[in-house]
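Trainee: Quick note on the working numbering: the sequence shown kicks off at 428 and runs consecutively.
From the three backbone atoms N, C-alpha and C, an ideal C-beta is built for every residue, glycine too.
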Amino acid sequence: MIRSRVPARFPHALCVPFVLGAASLLFAAPALADEPHAMHMQHSHGGAATAIGEPGNEAQATRTVDVDMRDTMRFSPATLTVRRGDTVRFVVTNNGKIRHEMTLGTAASLAEHAKMMQQMPGMSHAEPNAVTVEPGERKTLVWHFTQPGTVEFACLEPGHFEAGMRGVVNVR
Ligand SMILES: [Cu+2]
428 MIRSRVPARF
438 PHALCVPFVL
448 GAASLLFAAP
458 ALADEPHAMH
468 MQHSHGGAAT
478 AIGEPGNEAQ
488 ATRTVDVDMR
498 DTMRFSPATL
508 TVRRGDTVRF
518 VVTNNGKIRH
528 EMTLGTAASL
538 AEHAKMMQQM
548 PGMSHAEPNA
558 VTVEPGERKT
568 LVWHFTQPGT
578 VEFACLEPGH
588 FEAGMRGVVN
598 VR
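#1: Measuring only the C-alpha atoms, how far is Gly586 from Val509?
#2: In chain order, which continuous runs of the alpha helix (DSSP H) of length 4 or greater are located wholly inside the segment 485 to 534?
#3: Relative to the alpha-carbon of Glu539, which residue among Ala581, Thr489, Phe517, Lys566 has its alpha-carbon at the smallest distance?
#4: With DSSP as the reference, please indicate the residues paired to His540 in a beta bridge.
#5: Output needed for Thr533: all residues of its chain with C-beta closer than 7 Å, excluding positions within five of it in sequence on either side, in chain order.
#6: Would you mind stating whether Val595 and Asn484 have Cβ atoms separated by less than 8 Å?
#7: Identify the continuous beta strand (DSSP E) that holds Arg599 and give its terminal residues.
#8: Would Leu537 and Arg497 qualify as a contact pair, given that the criterion is a beta-carbon distance under 8 Å?
#9: Three-state secondary structure (DSSP) at Ala590?
#10: Please indicate yes or no: does the CB of Met592 lie closer than 7 Å to some heavy atom of ligand 1?
#11: With burial defined as no fewer than 16 other Cβ atoms inside 10 Å of the residue's Cβ, what is the status of Asp493: buried or exposed?
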């Protein structure tokens with residue numbers, strides 16, 4: 428756990444520079460508008476949504492994929508193949524004892540986002556391309572894969588991405 432590295436005596440003092448650092452990223456974002464990761468500095472997923480597909484309508488789901496999350500920092504399955512145009516209903520179960528999440532994105536957007544999550548450990552996601560799943564819970568994420576290529580997914584709980592908690596959807 429990343430937070431365990433923070434000395435308990437000065438938790439607040441150490442948090443302040445992180446918060447200020449994140450705030451300066453937000454204010455700096457407009458100046459970086461032509462930079463591909465600018466959207467992620469604003470913690471928005473709007474830019475990635477078109478490249479990876481779009482939120483799906485569960486009534487139009489063409490297939491269901493059960494995804495298992497474990498405290499070994501692995502998704503199962505970690506690799507799957509779908510067809511372009513598929514609307515996939517991911518049924519995501521957390522079989523661990525700690526919180527996990529599943530966020531769909533590009534490799535670059537997920538890596539960037541994971542870095543930001545290290546700086547804001549309390550954050551969870553409510554975007555349509557992500558589900559946060561508490562231990563023992565099960566949630567559904569419906570996604571429409573509109574373009575051939577590779578869509579990645581990852582757990583962005585602090586430290587989990589870095590520990591290898593990620594996977595790939597190949598869209599054919
Ligand atoms: Cu996780």
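Mentor: In terms of the structure at hand:
#1: If I take the Cα positions, the gap works out to 28 Å.
#2: The qualifying runs do not exist here; there are none.
#3: Answer by Cα proximity: Ala581.
#4: In the DSSP output, where bridge partners are listed per residue, His540 has none listed.
#5: Excluding sequence positions up to five before and after Thr533, its CB lies within less than 7 Å of the CB of Ala475, Ala478, Ile479, Glu579, all in the same chain and listed in chain order.
#6: No; because the gap between Cβ atoms is not below 8 Å, this pair is not in contact.
#7: Taken as a continuous stretch (DSSP letters only), Arg599 belongs to no beta strand (DSSP E), as it is neither H nor E.
#8: By the CB criterion at 8 Å, Leu537 and Arg497 fall outside the cutoff.
#9: Reduced to three states, the DSSP call for Ala590 is coil.
#10: Because some heavy atom of ligand 1 lies under 7 Å away, the Cβ of Met592 counts as near it: yes.
#11: Looking at its Cβ environment, which holds fewer than 16 other Cβ atoms inside 10 Å, Asp493 is exposed.
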